[in-house]
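So the sequence shown is numbered by the working numbering: it starts at 33 and just counts up by one.
Written out below as structure tokens is the structure these notes cover.
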Amino acid sequence: MQTGLRTKLLKAFSTADGEFLSGQKISETIGCSRTAVWKHIEELRKEGYELEAVRRLGYRIKKKPDKISNNEIHLGLKTQMMGRTIHFEETVTSTQKIAQSLANDGVQEGTIVVADQQTNGRGRMSRAWYSPSGTGIWMSMIIRPNIPVNTTPQLTLLTAVAIVQAIEELTPLKPDIKWPNDIMINGKKVVGILTELQAEADQVHSVIIGTGINVNQKIEDFPEDLQNIATSILIETGTSWERAQLIQTILLRFESLYSLFLSKGFKPIKLLWESYAISLNKVLIARTLKGTVEGIAIGIDDDGALLIETCEKKIEKIYSADIEL
Ligand code: BTN
């Protein structure tokens, strides 16, 4: 099928939002004959789209294949700013790397970089992030907030809230957040967030927020060393999910929280974050690069740091650590 017609057809279905579209309407909208419409519908079926055809009503899309591309993300995206420019590639080393160079080139705020696969995905604390093809969301978002440099960790917490809200909106799952930015389901990690900064001492140029979301992996798809600690939305729900739709929902949630953050500050975001946090009011061990701190997590401060009260009643501020609950 010609790419232009395919895009027009998918756009028509996306605008119909799950309602039926008659063959006549489709042929007028995309500018081809009814027979050509039928052929295009068959092509979409071959590509994995589940299309329902009902006499007198027409066609509607029941399920899309889990494919991500520029088009799949763009069609149906309801944001004003987030994801309005999309850089999609099948395979990259790391979306963070590409986003950094795009940010240096001055791309507009809200630009996203998405890949189907990363060959050198990066996690926190210089770890690798396993990013195989066809299963996850490997995405970096570029934003340019006019905020003090020391408050940028708040954006990581904001992103975690946006992703939890999006997962809750689309699936029956109720994920938790483990400080600082791991999203967990049934004690296993389903999402990781890596925030990187381009800034001078007193000015933020750009913030690059990388999100790795395990969507459609089966347990055996993970390397053995991850099978006990990682999970995916498919593993937890028993069914596969459309990654493009999840990306659209995350971008919309992020945009709304980001605008709340810019107008009202961190307070409302902090309250939301705390409502999802599993690490608060519990005894935990924080393993930092400088050593181990044990105590009760009593909250987070405005830097996004975790506050731990030790048994000597001393309050320790933790900026980066692995948390053991
Ligand atoms: C973590 O260690 O928990 C953070 C993982 C972040 C992974 C994402 S995947 C998209 C983006 N590109 C990368 O190389 N890393 C981030």
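Yeah, the Cβ is synthetic: ideal placement off N, Cα and C, and Gly gets one too.
Every value quoted in this text rests on a predicted model; they were computed, and no experiment measured them.
Pick from Gly55, Leu339 and Ala353 that is closest to isoleucine 347, judged by C-alpha positions: Leu339
So phenylalanine 120 and isoleucine 93 are in contact, right, with Cβ under 8 angstroms, and what is the actual spacing, rounded? In fact, because the Cβ distance is near 21 angstroms, the residues do not count as touching under 8 angstroms.
Could you tell me how far apart the beta carbons of asparagine 213 and alanine 192 are, in whole angstroms, since I believe they sit closer than 8 angstroms? 5 angstroms
By alpha-carbon positions, which one of Lys78, Lys322, Leu303 and Leu357 ends up nearest to leucine 189? Cα-wise, what sits closest to leucine 189 is Leu303.
On the CB-based measure, 16 or more other CB atoms within 10 Å of its CB, does asparagine 152 come out buried or exposed? exposed
Cβ-heavy atom distance between serine 163 and the ligand BTN below 8 angstroms? yes
Within a Cβ cutoff of 6 angstroms, which residues of the same chain sit near alanine 198, ignoring the five residues on either side of it in sequence? Here the set comprises Thr281, Ile282 and Arg285.
When DSSP labels each residue in this structure, what does tyrosine 290 get in the three-state scheme? helix
Hey, quick one: how far does the alpha helix (DSSP H) through glycine 55 stretch, first residue to last? 55-62
Work out the CA separation of arginine 319 and alanine 353 for me, nearest whole Å. 5 angstroms
Out of Asp148, Glu82 and Thr39, point me to the one whose CA is closest to glutamate 122's CA. For the residues Asp148, Glu82 and Thr39, the minimum Cα distance to glutamate 122 belongs to Asp148.
Can you determine whether any heavy atom of the ligand BTN sits closer than 8 angstroms to the C-beta of aspartate 354, and answer yes or no? no
What's the call for serine 172, buried or exposed, on a 16-neighbour Cβ count within 10 Å? Flag for serine 172 reads buried.
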